[in-house]
Amino acid sequence: MKQLMKGNEAIAEAAIRGGCRAFFGYPITPQNEIPEYCSKRMPEVGGVFIQAESEVSAINMVYGAAGAGARAMTSSSSPGISLKQEGISYICGSELPCLIVNIVRAGPGLGGIQPAQSDYFQAVKGGGHGDYHMLVYGPESVQEAVDIAYDAFDKAEKYRAPVMILGDGMLGQIMEAVEIPPMKDPATFPKKDWVTDGTGIGSNRRIINSLYIEPDALETVNHRLFARYKEMAENETAFECYKTDDAEIVLVAYGTVARICKSAVNMLRANGIKAGLFRPITLYPYPYEVLAKIAAQDSVKSFLAVELSMGQMVEDVRLGVNGKKPVEFFGRTGGAVMSPEDIVKVVMQKEGR
Amino acid sequence: MAVVFEKTKMLTDVNFHYCPGCTHGIAHRLIAEALEELGCEGKAIGIAPVGCAVFAYKYFNCDMQQVAHGRAPAAATGVKRVCPDKVVFVYQGDGDLASIGTAEIIHAAARGENITVIFINNAIYGMTGGQMAPTTLIGQKTTTSPHGRDASVSGNPIKVCELLSTLDGPSYIARCALSDPANVMKAKKAITKGLKNQIEGKGFSLIELLSTCPTNMGITPIAALDYVKNEMTKIFPLGVYKDIDAAQK
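So the protein sequences, as listed, match chains Y and L.
Under the working numbering, the residues of the first sequence are numbered 1 to 353, in order.
Under the working numbering, the residues of the second sequence are numbered 1 to 249, in order.
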């Protein structure tokens with residue numbers, strides 16, 4: 001049965017239904033409903049909730065709990081996610097599964113609390129130090145965010161890497177009718193033989209660590225991580241093609257902006273312009289290959305990346321299109337959100353109409 | 001022949017990498033012996049810091065996590081909350097605990113987090129080559145206070161036991177010195193007390209161990225022990241700063 005839920009609360013409930021039993025966070029708008037919800041809900045399911053002293057501590061509590069075997073998560077918004085970058089790098093280096101939710105707000109600095117997509121680089125190119133990636137999703141609706149959060153720990157444990165949900169203030173605050181799947185049974189979760197749950201001794205003991213002082217050993221670790229990222233790209237890359245089959249102009253957008261773009265596509269088509277939308281669902285791994293195929297379509301004349309930033313994902317669009325067709329950009333920033341009409345106007349101008 | 005001494009089972013057979021005259025080895029052995037005596041084999045999880053003791057995960061014969069600089073109390077919190085029936089000990093140096101990790105240690109203590117923290121205070125950064133620590137004494141020369149620590153430039157040493165004992169969360173806070181056999185025995189008792197408190201669910205405990213770093217102080221191991229006993233204890237007096245058991249009596 002569908003129920004009306006706020007995005008933030010729905011993500012929290014879906015993560016719990018997916019097995020999350022430890023939440024560590026710190027207040028920051030516009031994600032506060034996630035820790036608030038977890039503070040009430042975790043004790044009901046026998047889980048742990050701590051309001052940490054900082055985002056830095058919260059991500060390190062996730063490190064400890066995930067290392068000890070729990071399905072653990074944290075959530076924050078842009079400035080708070082910046083503080084977590086050290087911990088995220090260590091989590092990736094120590095190969096720990098967890099869920100990180102970023103309900104993005106506008107920046108830089110303290111910025112504003114309105115929706116933005118200006119943390120794209122930080123999320124997909126590695127905001128912390130060292131070579132690492134994580135599985136990053138950019139859901140366009142509360143239902144899609146719920147479905148991603150529900151399976152996030154299965155995927156995180158499969159690849160021993162964090163999963164990040166890159167939402168925005170709109171997704172976190174909007175209320176939508178959603179179907180929340182049933183509670184997963186922890187007894188069905190795959191066993192993890194690497195966890196430091198205290199039972200290890202002698203040859204049996206486990207070490208969670210990201211320090212490899214010998215260069216060759218560290219290089220081996222980096223290669224192992226990137227072999228997993230390759231596997232991730234093969235298995236997890238997700239996207240949606242909306243009316244791209246005969247499209248002449250292809251909009252490329254993710255998350256909240258993709259929904260706005262769908263309206264714009266329909267308005268453009270009503271005006272006789274064959275528009276379509278390519279929507280990456282995984283932002284890492286990015287669906288470059290599909291984009292390349294669309295770029296090779298005879299019908300396609302150009303691309304327009306649309307983002308709530310000064311142009312970040314557009315760089316990945318250009319990598320995917322690889323010079324086959326022109327790629328242009330339209331963005332709003334600072335928390336200002338474009339309307340479908342704004343996008344239509346930009347396209348009409350480019351078409352000389 | 002009667003066995004008069006055996007190495008504790010809670011240490012691995014890996015050789016310590018510590019410098020000659022460094023007291024990390026003594027601290028490790030005391031913790032390991034206390035863990036064994038309290039029956040913690042197969043029940044303990046240790047958290048290693050960043051600093052000279054970064055390799056502690058090689059030496060303690062139990063599950064170990066190596067974590068980011070200063071964040072050990074936060075990681076230990078995560079571990080303990082999901083493994084409440086296990087014994088979680090944290091090993092941190094002065095740069096780790098009293099400089100970059102001040103927020104983490106204060107809040108773990110304030111929450112009364114049921115963990116045991118061993119705080120190694122040798123008044124200097126060891127691993128990075130002898131820079132000024134938050135606990136460096138006034139006048140003490142380091143590579144970043146070459147003319148001696150000047151309070152008007154670099155502030156004053158942080159007294160961790162005094163600071164944390166003002167909080168309601170901790171169950172036991174004590175400062176010991178690894179300067180001579182009698183004080184080493186006292187340190188062992190304090191460590192045992194801290195771990196026992198955790199097993200009994202009494203909450204946070206911290207045992208500060210005044211320690212040596214002859215390599216970076218540029219003095220002999222014996223002179224370093226004398227420095228701990230004669231100079232460091234003036235600024236960092238030994239004793240029990242908080243004990244909820246004593247308070248109840």
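The beta-carbon is built from N, C-alpha and C at its ideal position, and this holds for glycine as well.
- Burial state of I31 of chain L is buried, judged by a 10 Å Cβ sphere holding 16 or more other Cβ atoms.
- Taking a Cβ-Cβ threshold of 9 angstroms, the residues of chain Y close to H107 of chain L are A52, E53, S54 and S57, in chain order.
- Look at the segment 281 to 298 of chain Y: it has no residue with a C-beta under 9 angstroms from a C-beta of chain L.
- Against chain Y, the CB of Q66 of chain L has a partner CB under 9 angstroms away; the residue lies at that interface.
- Less than 9 angstroms separates the beta-carbon of L277 of chain Y from that of V252 of chain Y.
- Distance between I45 of chain L and M232 of chain Y, taken at the CA atoms: about 32 angstroms.
- Those residues of the segment 207 to 222 of chain Y placed with their C-beta closer than 8 angstroms to a C-beta in chain L are I207, I208, N209, S210 and L211, ordered along the chain.
- Only I59, N60, M61, V62, Y63, G64, A65, A66, G67, A68, G69, A70, A72, E86, G87 and S89 from the segment 59 to 89 of chain Y bring a Cβ to less than 9 angstroms from some Cβ of chain L.
- Inside the segment 96 to 131 of chain L, DSSP marks whole alpha helix (DSSP H) runs of 4 or more residues at positions 102 to 110, from first to last along the chain.
- For C176 of chain L, DSSP records a beta bridge to L:L209.
- Secondary structure of T215 of chain L (DSSP, three-state): helix.
- Taking a beta-carbon distance threshold of 9 angstroms, F189 of chain Y does not count as an interface residue toward chain L.
- Setting aside the 5 residues that flank it on each side, E113 of chain L is surrounded in the same chain by P73, A76, T77, K80, G169, G203 and F204, each with a C-beta closer than 8 angstroms to its C-beta; the list follows chain order.
- Interface annotation, A152 of chain Y: not in contact with chain L, CB-CB separation never under 9 angstroms.
- Residue state for E231 of chain L is assigned as helix, using DSSP reduced to three classes.
- Here the C-alpha atom of E53 of chain Y lies approximately 29 angstroms from the C-alpha atom of P186 of chain Y.
- The C-beta of E104 of chain L comes closer than 9 angstroms to at least one C-beta of chain Y.
- A buried status is given to Q66 of chain L, since no fewer than 16 other beta-carbon atoms sit within 10 Å of its beta-carbon.
- Taking a Cβ-Cβ threshold of 7 angstroms, the residues of chain Y close to Y57 of chain L are I207 and N209, in chain order.
- Secondary structure note for I103 of chain Y: its beta strand (DSSP E) is the uninterrupted segment C98 to V104.
- Around the beta carbon of H28 of chain L, a 10 Å sphere encloses 16 or more other beta carbons of the protein chains shown; the residue is thus reported as buried.
- In the structure shown, the three-state DSSP call for P35 of chain Y is helix.
- Look at C161 of chain L here: in three-state DSSP terms it is helix.
- CA-to-CA, the gap between G255 of chain Y and I281 of chain Y works out to about 8 angstroms.
- Taking 9 angstroms as the CB threshold, S39 of chain Y stays off the interface with chain L.
- Ranked by Cα distance from I81 of chain Y, the options Y:Q51, Y:R41, Y:G67 and Y:Y26 are led by Y:Y26.
- Residues of the segment 190 to 201 of chain Y whose Cβ lies closer than 7 angstroms to any Cβ of chain L, in chain order: T196, D197, G198, T199, G200 and I201.
- Counting only runs of 4 or more residues that sit fully inside the segment 114 to 202 of chain Y, the alpha helix (DSSP H) segments are 120 to 124, 142 to 159 and 169 to 173, in chain order.
- Using a 10 angstroms sphere on the CB of L206 of chain L, the tally of other CB atoms reaches 16 or more, which defines it as buried.
- Non-local beta-carbon contacts of I105 of chain L in its own chain, meaning distances under 6 angstroms to residues more than five positions away in sequence, involve P73 and L97 in chain order.
- For F330 of chain Y, no chain L residue has a C-beta closer than 8 angstroms to its own C-beta; the minimum C-beta separation is roughly 40 angstroms.
- When 7 angstroms is used as the limit between beta carbons, N61 of chain L is near these residues of chain Y: I201, G202 and R205, in chain order.
- Bridge partners of I343 of chain Y according to DSSP: none are assigned.
- Residue state for Y63 of chain Y is assigned as helix, using DSSP reduced to three classes.
- Taking C-beta atoms as the reference points, K350 of chain Y and I249 of chain Y count as a pair closer than 9 angstroms.
- Each residue's CA atom was taken as its position, placing L135 of chain Y and H24 of chain L some 40 angstroms apart.
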